[in-house]
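Comments concern the structure below.
Number of protein chains: 4
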Amino acid sequence: MADRASSLIQTLLGRRVYDLEQPRTSTMPIHPAHRPGYLYQLHRRHRDGYTPERTGPRSGASGMLTMMEHTGTHIDALSHQSDGLRLYGGIEVTPQVETQRGFTAHGIETIGPIVARGVLLDVCAAKGLDLLPAHYRITAADLEAAARSAGVTVRSGDALLVRTGYGKVWDDATRYLAAAGVGREGSEWAAEQKVRCVGCDNMTWDETEERDPKTGGALFGHLHLLARCGIAIIENLMLESLSHDGCSEFVFVCTPLKLVGATGSPVSPIALA
Amino acid sequence: MADRASSLIQTLLGRRVYDLEQPRTSTMPIHPAHRPGYLYQLHRRHRDGYTPERTGPRSGASGMLTMMEHTGTHIDALSHQSDGLRLYGGIEVTPQVETQRGFTAHGIETIGPIVARGVLLDVCAAKGLDLLPAHYRITAADLEAAARSAGVTVRSGDALLVRTGYGKVWDDATRYLAAAGVGREGSEWAAEQKVRCVGCDNMTWDETEERDPKTGGALFGHLHLLARCGIAIIENLMLESLSHDGCSEFVFVCTPLKLVGATGSPVSPIALA
Amino acid sequence: MADRASSLIQTLLGRRVYDLEQPRTSTMPIHPAHRPGYLYQLHRRHRDGYTPERTGPRSGASGMLTMMEHTGTHIDALSHQSDGLRLYGGIEVTPQVETQRGFTAHGIETIGPIVARGVLLDVCAAKGLDLLPAHYRITAADLEAAARSAGVTVRSGDALLVRTGYGKVWDDATRYLAAAGVGREGSEWAAEQKVRCVGCDNMTWDETEERDPKTGGALFGHLHLLARCGIAIIENLMLESLSHDGCSEFVFVCTPLKLVGATGSPVSPIALA
Amino acid sequence: MADRASSLIQTLLGRRVYDLEQPRTSTMPIHPAHRPGYLYQLHRRHRDGYTPERTGPRSGASGMLTMMEHTGTHIDALSHQSDGLRLYGGIEVTPQVETQRGFTAHGIETIGPIVARGVLLDVCAAKGLDLLPAHYRITAADLEAAARSAGVTVRSGDALLVRTGYGKVWDDATRYLAAAGVGREGSEWAAEQKVRCVGCDNMTWDETEERDPKTGGALFGHLHLLARCGIAIIENLMLESLSHDGCSEFVFVCTPLKLVGATGSPVSPIALA
Numbered sequence: 000m001a002d003r004a005s006s007l008i009q010t011l012l013g014r015r016v017y018d019l020e021q022p023r024t025s026t027m028p029i030h031p032a033h034r035p036g037y038l039y040q041l042h043r044r045h046r047d048g049y050t051p052e053r054t055g056p057r058s059g060a061s062g063m064l065t066m067m068e069h070t071g072t073h074i075d076a077l078s079h080q081s082d083g084l085r086l087y088g089g090i091e092v093t094p095q096v097e098t099q100r101g102f103t104a105h106g107i108e109t110i111g112p113i114v115a116r117g118v119l120l121d122v123c124a125a126k127g128l129d130l131l132p133a134h135y136r137i138t139a140a141d142l143e144a145a146a147r148s149a150g151v152t153v154r155s156g157d158a159l160l161v162r163t164g165y166g167k168v169w170d171d172a173t174r175y176l177a178a179a180g181v182g183r184e185g186s187e188w189a190a191e192q193k194v195r196c197v198g199c200d201n202m203t204w205d206e207t208e209e210r211d212p213k214t215g216g217a218l219f220g221h222l223h224l225l226a227r228c229g230i231a232i233i234e235n236l237m238l239e240s241l242s243h244d245g246c247s248e249f250v251f252v253c254t255p256l257k258l259v260g261a262t263g264s265p266v267s268p269i270a271l272a
Numbered sequence: 000m001a002d003r004a005s006s007l008i009q010t011l012l013g014r015r016v017y018d019l020e021q022p023r024t025s026t027m028p029i030h031p032a033h034r035p036g037y038l039y040q041l042h043r044r045h046r047d048g049y050t051p052e053r054t055g056p057r058s059g060a061s062g063m064l065t066m067m068e069h070t071g072t073h074i075d076a077l078s079h080q081s082d083g084l085r086l087y088g089g090i091e092v093t094p095q096v097e098t099q100r101g102f103t104a105h106g107i108e109t110i111g112p113i114v115a116r117g118v119l120l121d122v123c124a125a126k127g128l129d130l131l132p133a134h135y136r137i138t139a140a141d142l143e144a145a146a147r148s149a150g151v152t153v154r155s156g157d158a159l160l161v162r163t164g165y166g167k168v169w170d171d172a173t174r175y176l177a178a179a180g181v182g183r184e185g186s187e188w189a190a191e192q193k194v195r196c197v198g199c200d201n202m203t204w205d206e207t208e209e210r211d212p213k214t215g216g217a218l219f220g221h222l223h224l225l226a227r228c229g230i231a232i233i234e235n236l237m238l239e240s241l242s243h244d245g246c247s248e249f250v251f252v253c254t255p256l257k258l259v260g261a262t263g264s265p266v267s268p269i270a271l272a
Numbered sequence: 000m001a002d003r004a005s006s007l008i009q010t011l012l013g014r015r016v017y018d019l020e021q022p023r024t025s026t027m028p029i030h031p032a033h034r035p036g037y038l039y040q041l042h043r044r045h046r047d048g049y050t051p052e053r054t055g056p057r058s059g060a061s062g063m064l065t066m067m068e069h070t071g072t073h074i075d076a077l078s079h080q081s082d083g084l085r086l087y088g089g090i091e092v093t094p095q096v097e098t099q100r101g102f103t104a105h106g107i108e109t110i111g112p113i114v115a116r117g118v119l120l121d122v123c124a125a126k127g128l129d130l131l132p133a134h135y136r137i138t139a140a141d142l143e144a145a146a147r148s149a150g151v152t153v154r155s156g157d158a159l160l161v162r163t164g165y166g167k168v169w170d171d172a173t174r175y176l177a178a179a180g181v182g183r184e185g186s187e188w189a190a191e192q193k194v195r196c197v198g199c200d201n202m203t204w205d206e207t208e209e210r211d212p213k214t215g216g217a218l219f220g221h222l223h224l225l226a227r228c229g230i231a232i233i234e235n236l237m238l239e240s241l242s243h244d245g246c247s248e249f250v251f252v253c254t255p256l257k258l259v260g261a262t263g264s265p266v267s268p269i270a271l272a
Numbered sequence: 000m001a002d003r004a005s006s007l008i009q010t011l012l013g014r015r016v017y018d019l020e021q022p023r024t025s026t027m028p029i030h031p032a033h034r035p036g037y038l039y040q041l042h043r044r045h046r047d048g049y050t051p052e053r054t055g056p057r058s059g060a061s062g063m064l065t066m067m068e069h070t071g072t073h074i075d076a077l078s079h080q081s082d083g084l085r086l087y088g089g090i091e092v093t094p095q096v097e098t099q100r101g102f103t104a105h106g107i108e109t110i111g112p113i114v115a116r117g118v119l120l121d122v123c124a125a126k127g128l129d130l131l132p133a134h135y136r137i138t139a140a141d142l143e144a145a146a147r148s149a150g151v152t153v154r155s156g157d158a159l160l161v162r163t164g165y166g167k168v169w170d171d172a173t174r175y176l177a178a179a180g181v182g183r184e185g186s187e188w189a190a191e192q193k194v195r196c197v198g199c200d201n202m203t204w205d206e207t208e209e210r211d212p213k214t215g216g217a218l219f220g221h222l223h224l225l226a227r228c229g230i231a232i233i234e235n236l237m238l239e240s241l242s243h244d245g246c247s248e249f250v251f252v253c254t255p256l257k258l259v260g261a262t263g264s265p266v267s268p269i270a271l272a
């Protein structure tokens with residue numbers, strides 16, 4: 000066992016760690032449904048308990064977070080979405096399943112740590128653009144072209160990351176909230192690859208203005224991936240470094256917090272390559 | 000590059016992923032200084048926006064977190080502690096450094112993802128105990144004995160995890176808050192190994208009743224490791240599975256959230272072995 | 000009009016103002032259903048924005064409240080309770096009535112300022128006790144005896160305040176939460192008087208251990224007064240000064256905050272006599 | 000005593016109660032320094048604990064408030080402002096006075112219930128306007144003219160309310176935040192009258208764009224009234240009904256919540272006339 004661990008450690012030595020999380024501040028972009036979104040306040044400051052004559056030179060400071068779980072770089076639990084008031088696997092949204100303290104089925108704590116092959120489909124780069132147009136709807140053909148362009152194949156169990164380029168405008172909330180996103184066929188294509196999870200460098204994975212002509216519904220990918228296919232969605236990823244290095248295949252690590260019952264979790268995913 | 004990634008992916012295939020995070024609920028143990036601690040409330044429920052005739056079968060639910068950053072399994076930023084009102088590196092705690100929105104130096108966002116060799120010093124197992132006695136103070140000799148017992152050597156840059164066994168009583172707040180912890184010499188020994196970070200399966204790393212006879216100060220390890228040596232501390236780890244498998248050497252991955260300015264972050268660390 | 004106002008002002012001159020609110024702190028008693036209850040944190044401190052050379056000598060400090068609306072001295076809105084999932088007046092609890100942002104019917108903003116004749120039924124004093132026994136259940140006969148003892152009559156439209164004496168143990172949460180309260184017949188008697196609102200110097204008006212032998216239900220007064228009779232309940236009043244002065248009849252003023260949709264509001268009621 | 004009370008009750012019978020509070024919602028205007036400001040979330044819903052077969056037909060719902068104390072109609076405590084890091088009365092802002100849980104001097108709990116003669120200076124009406132111009136700076140002469148126009152005299156101990164007319168655009172945050180306010184000489188004039196407190200139908204009492212030519216300071220009234228003269232300020236009053244009825248003299252009742260240590264409190268003041 001120690002030998003196995005040593006060899007793993009050797010293999011990882013010198014590998015680059017890509018940090019795929021955006022910084023969290025009270026001015027970051029927030030989806031309208033999740034406002035006010037995020038606040039960190041320093042609660043206790045160093046001088047508050049500083050009494051060197053009695054308790055020595057040490058002092059502590061700490062704060063408080065008030066945040067919706069769907070802010071910043073985060074992962075959606077399957078309980079986040081329903082299809083006709085049924086969660087993935089046909090679980091009915093009853094008061095026993097949906098409680099004031101969260102869900103007793105498909106809460107974020109059920110996802111577990113994700114350590115998977117990761118693939119970047121850099122649609123923005125494959126189209127030779129710095130940024131996809133606002134509200135551009137990524138198609139299945141776009142995803143296939145990006146895979147061909149990078150010479151990668153998406154496999155069952157992968158973490159499939161899609162790049163729009165909007166990660167670079169995180170500081171401009173208005174522009175960021177009008178990002179490109181994945182269209183209906185793109186989400187269906189992703190689900191057909193039987194991936195473990197998907198992720199995108201925008202607020203919602205989906206392109207927000209798309210409506211299903213039959214039902215009037217928005218956010219088809221949320222419905223299809225979470226409620227129908229059991230595939231988690233990661234949002235607000237920062238994919239610029241991976242793109243810059245042309246890194247399309249990597250080990251993806253994403254460890255949701257066990258916020259028992261919650262419909263999602265802030266995460267700080269990494270790529271190792 | 001793709002080959003390097005493929006080989007890494009191959010190496011990781013089939014490795015066990017140990018989840019080192021405790022579940023988060025409003026009844027988990029909370030340190031008195033960080034009360035009320037943690038609350039997750041379901042904010043929007045599936046029926047709230049469910050209008051199938053107009054917007055199709057999809058519905059969403061989401062919640063809100065109110066939490067101190069030093070609750071549950073979490074990592075302390077260097078700004079969490081001062082030595083005579085100076086942070087690590089001699090940075091003075093001025094109003095420019097310590098603001099209402101957090102610290103402009105040594106905030107948790109400066110730590111970055113941790114991917115390091117991890118070593119478990121299972122003091123509890125090395126002593127042949129199920130649980131260390133309440134308020135037992137772990138010595139440097141205890142740490143060295145645990146390393147010998149497991150046949151591992153702590154190296155510079157490692158993540159050094161110490162097991163008291165109290166992770167198994169997470170559901171019993173009173174007992175958990177009286178856990179064993181690392182004593183002064185133990186913290187000094189850890190710092191001498193020049194580790195990247197330390198972690199423990201208790202609330203505070205330190206043994207909480209120890210007082211420095213000269214200064215009257217508590218939590219010596221916090222002072223020494225964070226403010227003097229620049230070594231981050233991870234608390235409330237769940238180390239039972241690692242101990243059960245006798246896994247003493249592994250790849251440790253811990254990715255703090257970039258809560259800009261915060262003095263810590265909830266984390267969900269893993270061990271790969 | 001000015002004359003009318005002047006005469007009113009003259010009348011009020013020199014009247015004593017009784018403050019009927021308990022102080023609010025993070026250690027005050029909290030009902031288990033409303034934990035964590037109450038937290039005030041200083042958010043911005045004076046030095047944070049103090050730049051005298053640029054903006055002069057003024058500085059500001061401010062904070063943040065995190066609180067359940069049923070903490071401290073507060074009033075219950077009619078939406079706080081249902082009778083078989085119907086609010087007062089037979090309003091069904093549908094998703095249109097009960098939303099994530101609160102109630103669209105019988106929210107606390109519908110109560111309006113209360114300026115009414117107030118009557119104190121000092122059950123504790125009428126029995127010659129310093130404090131009613133723990134969990135004592137106040138009967139209709141107790142209320143009538145207290146009225147007789149004080150020589151007051153309860154009238155339609157009054158604010159009816161009942162004193163147990165427990166206001167004086169506000170600092171002892173365990174004892175306070177075991178207070179005496181009004182029993183079933185006492186609540187029925189109060190409702191028969193057609194009062195505007197009732198109030199008590201305990202956490203729940205009702206005696207908390209009483210159960211309806213037929214239904215198993217607790218808090219009968221909540222069901223009867225709020226959901227069936229449309230009578231608001233004020234809890235955690237401080238009635239010691241009124242009792243000390245033997246003041247049984249007064250002008251009662253209670254102005255709920257217009258927390259739109261909320262099921263209650265913190266209040267600071269007064270008695271003028 | 001009962002006779003005195005009866006006569007008071009008689010006097011108040013039939014008097015009109017003016018409600019001077021604006022409704023509180025998550026979309027109301029918020030001062031930039033106090034964002035995110037206000038959130039009410041329904042936490043527990045009626046069906047959550049509804050088990051009629053075991054506990055009868057009663058069910059309860061309740062929520063949680065997350066709010067800065069300087070939102071909505073509120074009163075500023077004297078601790079809200081300092082003059083060169085000294086509170087009113089020369090109290091130095093030390094760590095003993097300014098703590099993580101608020102102020103140990105001049106916290107809002109020290110104000111007590113306000114029952115005072117109230118005077119409305121309707122500057123907007125006196126000028127024959129529907130609304131004062133955006134950022135109009137009310138002068139001492141404006142206040143004196145409004146008093147003459149209404150035939151009232153401001154006296155020592157009064158609650159002095161100033162109307163800009165902006166209360167009617169509470170639903171239009173952008174316009175409201177550009178309201179008229181009281182200028183430097185206006186605040187000095189108010190202080191000279193030795194009033195108990197002042198109030199205004201805007202966000203800040205002061206006109207927000209005024210700067211002291213000597214110091215560069217904003218919000219002169221805050222500095223002068225709170226830190227130098229010990230006069231509380233009430234903001235975001237709704238004065239439209241008083242103005243409509245031409246009611247310039249009344250009994251003013253305002254009862255701050257005893258949020259121990261806080262720099263202000265939401266209030267729901269009334270005028271009786």
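Protein chains in written order, with numbering that gives the first Met the number 0: chain A, 0 to 272; chain B, 0 to 272; chain C, 0 to 272; chain D, 0 to 272.
Where is the CB? At the ideal position from N, CA and C, for every residue including glycine.
Everything numeric in this text was worked out from a predicted model, so none of it was measured.
query: Beta-carbon contacts of Gly-229(A) that lie in its chain and below 8 Å, excluding the five residues immediately before and after; result: Leu-77, Tyr-87 and Gly-88
query: Against chain C: residues of the segment 13-47 of chain D by CB proximity under 8 Å; result: Arg-14, Val-16, Asp-18, Glu-20, Gln-21, Pro-22, Arg-23, Thr-24, Ser-25, Ala-32, His-33, Tyr-39, Gln-40, Leu-41, His-42, Arg-43, Arg-44, His-45 and Arg-46
query: Outcome for His-223(A) when other beta-carbon atoms lying within 10 angstroms are tallied against a minimum of 16; result: buried
query: Best match in Gln-95(B), Arg-14(B) and Leu-64(B) for proximity to Pro-35(A) [C-alpha to C-alpha]; result: Leu-64(B)
query: Alpha carbon of Leu-218(A) to alpha carbon of Arg-210(A), nearest angstrom; result: 8 Å
query: Outcome for Lys-257(C) when other beta-carbon atoms lying within 10 angstroms are tallied against a minimum of 16; result: buried
query: Beta-carbon proximity check, Ser-264(C) vs His-105(C), cutoff 8 Å; result: no
query: Residue of Arg-183(B), Glu-68(B) and Gln-21(B) minimising C-alpha distance to Ser-240(B); result: Gln-21(B)
query: Residues that Val-114(B) contacts on chain A, provided the C-beta gap is smaller than 9 Å; result: Leu-11, Arg-14, Val-16, Val-252, Ile-269 and Leu-271
query: Own chain, CB closer than 6 Å to Ser-242(A), minus 5 neighbours either side, in chain order; result: Asp-121, Ala-124 and Arg-162
query: Cα-Cα separation between Arg-44(A) and Ala-60(A), rounded to whole angstroms; result: 4 Å
query: Gln-95(B) at chain C interface by Cβ criterion, 8 Å; result: no
query: Rounded C-alpha distance that separates Thr-98(C) from Met-66(C); result: 19 Å
query: For Ala-270(C) and Gln-9(C), the rounded distance between their alpha carbons; result: 17 Å
query: Simplified DSSP assignment, three categories, for Gly-89(D); result: helix
query: Per-residue DSSP class, three states only, for Ser-148(D); result: helix
query: CB of Thr-214(D) within 8 Å of CB of Gly-180(D), strictly; result: no
query: For Val-181(B): DSSP bridge partner residues; result: Ile-137(B) and Asp-205(B)
query: Residues from the segment 58-74 of chain A in contact with chain C, defined by Cβ distance under 8 Å; result: Met-63 and Thr-65
query: N- and C-terminal bounds of the beta strand (DSSP E) containing His-16(A); result: According to the sequence shown, residue 16(A) is Val rather than His. Per DSSP, Val-16(A) belongs to the beta strand (DSSP E) from 16-18.
query: Val-266(D) beta carbon less than 8 Å from that of Val-252(C); result: no
query: Sequence-distant residues of its chain with Cβ nearer than 7 Å to Ala-144(A) (five each side left out); result: Ala-125
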